[in-house]
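In this note's numbering, the protein residues as written are 34 to 405. Glycine included, each C-beta is placed from N, C-alpha and C at the ideal position. Nothing here was measured: the structure is a model prediction, and the numbers come from that model. Presented below is the structure to which this report refers.
Right, here's the structure in full:
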């Protein structure tokens, strides 16, 4: 991974050019074929899936203490289309540029250089546009509480395959813990019921035991999203972010050909703090599990993190939307696994039926209880 001050070229004529060897048209990376493909003549060309540069980088003191400068602001530069040669003005930090004249999508290698840390790896798309559409159709009709005509009436409105910037963190965690584990037991107690009769009931008590111990674990590839633009939808992003990280390969801008991409807008120090909080929270849960008991009190955990490292990666995500009855709903599809999450409308009459059925069940249970 390279660290540098951004170098600003006078223009963006150095876009990635990948002409087809057969017809000369611009190639794109095909999720279905896992090759560079030509939409014009159908030719395909191999692209190496190398893993020689995926090194872990130490999370040094200056990064932990927010001494890494923030990403620079956007600047306008002249972009020359690699397909038709048209010239337009674009933001310097735009990774993929769609030409307004010929519609071709170009990759701007200088975009990643506007950030102090360039990507070490990329997880290539495996789910194509057609694949994302099929998964949407299966997902949108799978909710029992959704309107019956949702699958037929939902119209795809937006479908964007985008490489999203991520930070991934590794750390060795060592924790010392202490607390009290409570174990339930029951004792017979005589009480008066509603009719004034003396009856025996089993009342719960808690026996407390002090315990202490230690826990250690290595946390590998703790992901934190580095897109400020998607932070308002982070819950949905997390639902579809179960990536198979073993498939990450060395960053090659040609994997971005034909796709959209984003440079990171959440810097390393902020993401490192978030990852550390996630690790400490997992350590707290692990220590609570070791403390055991039916209930707990006074759990204290002291966690030390060592061997902290990070990588900057680009991961594939379909950001999508559909309309139903004139309203827009958003959803996302994992660009590698096809997992789907997002918004779905609910059927009012189905919800009413569910609530009515629950009330009826409670009433029947109460009726049978009273008859006894």
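Spatial distance of residue i from residue j (CA atoms)
i: residue 350; j: residue 156; result: 10 angstroms
i: residue 342; j: residue 52; result: 38 angstroms
i: residue 391; j: residue 176; result: 19 angstroms
i: residue 81; j: residue 330; result: 55 angstroms
i: residue 173; j: residue 367; result: 15 angstroms
i: residue 88; j: residue 171; result: 38 angstroms
i: residue 221; j: residue 230; result: 16 angstroms
i: residue 75; j: residue 314; result: 50 angstroms
i: residue 93; j: residue 347; result: 22 angstroms
i: residue 358; j: residue 267; result: 26 angstroms
i: residue 286; j: residue 188; result: 33 angstroms
i: residue 318; j: residue 325; result: 11 angstroms
i: residue 247; j: residue 320; result: 8 angstroms
i: residue 97; j: residue 306; result: For residue 97, the predicted structure reports a pLDDT of 48, less than 50, and the residue's modelled location is therefore unreliable. A value from the coordinates is still provided. Residue 97 and residue 306: Cα-Cα distance of roughly 8 angstroms.
i: residue 272; j: residue 398; result: 37 angstroms
i: residue 226; j: residue 250; result: 53 angstroms
i: residue 360; j: residue 198; result: 30 angstroms
i: residue 185; j: residue 327; result: 49 angstroms
i: residue 310; j: residue 333; result: 16 angstroms
i: residue 15; j: residue 373; result: Residue 15 falls outside the range modelled here, since the chain spans only 34 to 405, and no answer is possible.
i: residue 50; j: residue 139; result: 8 angstroms
i: residue 255; j: residue 377; result: 29 angstroms
i: residue 57; j: residue 150; result: 33 angstroms
i: residue 312; j: residue 206; result: 8 angstroms
i: residue 59; j: residue 288; result: 13 angstroms
i: residue 427; j: residue 166; result: Within the shown structure, residues of the chain are numbered from 34 to 405, placing residue 427 beyond reach of any answer.
i: residue 152; j: residue 160; result: 21 angstroms
i: residue 190; j: residue 292; result: 18 angstroms
i: residue 335; j: residue 78; result: 53 angstroms
i: residue 308; j: residue 395; result: 45 angstroms
i: residue 269; j: residue 278; result: 19 angstroms
i: residue 257; j: residue 61; result: 28 angstroms
i: residue 131; j: residue 66; result: 22 angstroms
i: residue 402; j: residue 163; result: 56 angstroms
i: residue 200; j: residue 183; result: 37 angstroms
i: residue 168; j: residue 379; result: 20 angstroms
i: residue 41; j: residue 85; result: For residue 41, the predicted structure reports a pLDDT of 40, less than 50, and the residue's modelled location is therefore unreliable. The matter cannot be settled from this model.
i: residue 295; j: residue 194; result: 11 angstroms
i: residue 400; j: residue 322; result: 41 angstroms
i: residue 217; j: residue 224; result: 20 angstroms
Cross-strand partners of residue i (DSSP beta bridge)
i: residue 344; result: 201
i: residue 304; result: Answer is none; residue 304 lacks a bridge partner.
i: residue 82; result: In the DSSP output, where bridge partners are listed per residue, residue 82 has none listed.
i: residue 262; result: According to DSSP, residue 262 bridges with nothing at all.
i: residue 210; result: 246, 334
i: residue 63; result: 68
i: residue 339; result: 205
i: residue 353; result: 192, 364
i: residue 225; result: 231
i: residue 220; result: 236
i: residue 283; result: 154
i: residue 52; result: 59
i: residue 323; result: Answer is none; residue 323 lacks a bridge partner.
i: residue 293; result: 195
i: residue 328; result: 215
i: residue 77; result: 70
Start-to-end residues for the beta strand (DSSP E) that takes in residue i
i: residue 171; result: Run containing residue 171: none in the beta strand (DSSP E); it sits in the alpha helix (DSSP H), 162 to 173.
i: residue 93; result: Neither: residue 93 is in no beta strand (DSSP E) and is coded neither H nor E.
i: residue 251; result: 231 to 258
i: residue 363; result: 360 to 367
i: residue 68; result: 68 to 70
i: residue 375; result: 373 to 375
Endpoints, alpha helix (DSSP H) assigned at residue i
i: residue 269; result: 267 to 272
The ligand COA heavy atom lying under 7 angstroms from the CB of residue i
i: residue 352; result: Ligands displayed in this structure: none; no statement on the ligand COA is therefore possible.
Any chance the segment 298 to 309 sits against the segment 56 to 76, with 3 or more Cβ pairs inside 8 angstroms? no
Counting pairs of beta carbons, one from the segment 219 to 237 and one from the segment 347 to 365, are three or more of them closer than 8 angstroms? no
For the pair the segment 321 to 340 and the segment 260 to 276, tell me if three or more CB-CB distances fall below 8 angstroms. no
Specify whether the segment 238 to 255 and the segment 208 to 220 touch according to this definition: at least 3 beta carbon pairs, one from each stretch, less than 8 angstroms apart. yes
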